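Here the structure comes first, spelled out in structure tokens, and everything after it is commentary.
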Amino acid sequence: MVLLGPPGAGKGTQAKRLADAFSLEHLSSGDVLRAERASDTPLGRQVARSLDAGMLVPDEIMLEVMLSRVLRPGAAEGVLLDGFPRTLPQARGLDEALEAADGQVDLAVSLEVPDEVIEERITGRRSCPQCGEVYHERFHPPLRPGVCDRDGARLVQRGDDTPEVVRQRLSAFHVQTELLKAYYRERGSLVELDGAEPIEVVWDELERLVRSVKSKAAR
Ligand code: AMP
């Protein structure tokens, strides 16, 4: 299963629940890259160079890093991909590798969230530099404005969470994602869900969807 959605769409939250509920291995490209970078190998050093430069990791490296994990047989009943594929060559490379292993992408879910909602979610985000706790000015405010409930540290805003940078990140995201959505739509595996709904509502729909795809695949 592939999960698509802009930053701030709630992918991380839903991915974790899906993985637990359906025994799926959750592979987040960001987490995989950070782990790869921490390993002192030639591949890890290549990954580090892209990340430090704030660039996308080249497709060949992305495929090398992700496919070995996707294809590694584990105890999980399937794999849930989050953050990968991000480009068409990555999507094609994934399909080729899965096909060779008698597998396929059964479902690609796009969490649709209007830009205004994303901007509000991201620009209101504040975190504690000491303990890492994340707050939101409106949706999850600390007891005292600007101060961490746990340790009293002054809350900070991530450098890339400002309105201008968020707008830039979103426009780059839309260009890429529309291509991916068209790719999966053509293959009949795309489902679009309203990600602006509350977490529980999105979860109910996702759960129903995955259940039905699983029962079809089992037949
Ligand atoms: P994230 O944690 O998803 O924000 O990812 C952190 C960084 O990893 C991104 O800014 C990209 O540089 C890189 N990255 C994550 N996924 C991919 C991907 N599928 N293709 C290329 N680069 C990626």
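Just so you know, we're using the numbering used here here: the sequence shown kicks off at -10 and counts up by one.
Ideal Cβ placement from N, Cα and C applies to all residues, glycine included.
Since this is a predicted model, take the numbers as computed values, not measurements.
- Short note on Val54: C-beta not closer than 7 Å to any heavy atom of ligand 1.
- His125 is bridged by DSSP to Arg114, His129.
- Of all alpha-carbon atoms in Glu66, Ala37, Ala86, the one lying nearest the alpha-carbon of Glu53 is that of Ala86.
- If you draw a straight line from the Cα of Gly113 to the Cα of Glu88, it comes to about 43 Å.
- Between the segment 119 to 129 and the segment 13 to 28 there are fewer than three C-beta pairs closer than 8 Å, too few to call the two in contact.
- Short of 8 Å from the beta carbon of Ala37, and not among the five residues preceding or following it, lie these beta carbons of its own chain, in chain order: Arg26.
- Judged by pairs of C-beta atoms under 8 Å, the segment 70 to 87 does not touch the segment 104 to 121, as fewer than three such pairs exist.
- Listed in chain order, the beta strand (DSSP E) elements of length 3 or more contained wholly in the segment 53 to 79 are 67 to 71.
- Within 7 Å of the C-beta of Gly19 there is at least one heavy atom belonging to ligand 1.
- Taken in chain order, the unbroken stretches of alpha helix (DSSP H) that lie wholly in the segment 149 to 205 and span 4 residues or more are 152 to 175.
- Just measuring C-alpha positions, the residue of Lys205, Glu196, Ala207, Gln79 sitting nearest Asp9 is Glu196.
- Taking a 10 Å sphere around the C-beta of Leu32, we find fewer than 16 other C-beta atoms and assign the residue as exposed.
- Short note on Phe73: C-beta closer than 7 Å to some heavy atom of ligand 1.
- Taking a 10 Å sphere around the C-beta of Asp140, we find fewer than 16 other C-beta atoms and assign the residue as exposed.
- Remark: C-beta atoms of Glu108 and Pro152 approach each other more closely than 8 Å.
- With a threshold of 16 other beta carbon atoms within 10 Å, His163 falls short and is exposed.
- Contact check for Tyr172 and Leu77: beta-carbon distance about 6 Å, within the 8 Å limit, so the pair qualifies.
- Relative to Ser17, the option among Ser28, Met51, Leu182, Phe73 whose CA is nearest is Phe73.
- For the pair Ser99 and Leu13, the CB atoms are not nearer than the 8 Å cut-off.
- A buried status is given to Leu70, since no fewer than 16 other beta-carbon atoms sit within 10 Å of its beta-carbon.
- Rounded to whole angstroms, the gap between the alpha carbons of Cys137 and Arg6 is 27 Å.
- By the neighbour-count criterion, in which a residue is buried when 16 or more other Cβ atoms sit within 10 angstroms of its Cβ, Gln157 is exposed.
- The criterion of a C-beta distance shorter than 8 Å is satisfied by Gly(-1) and Gly184.
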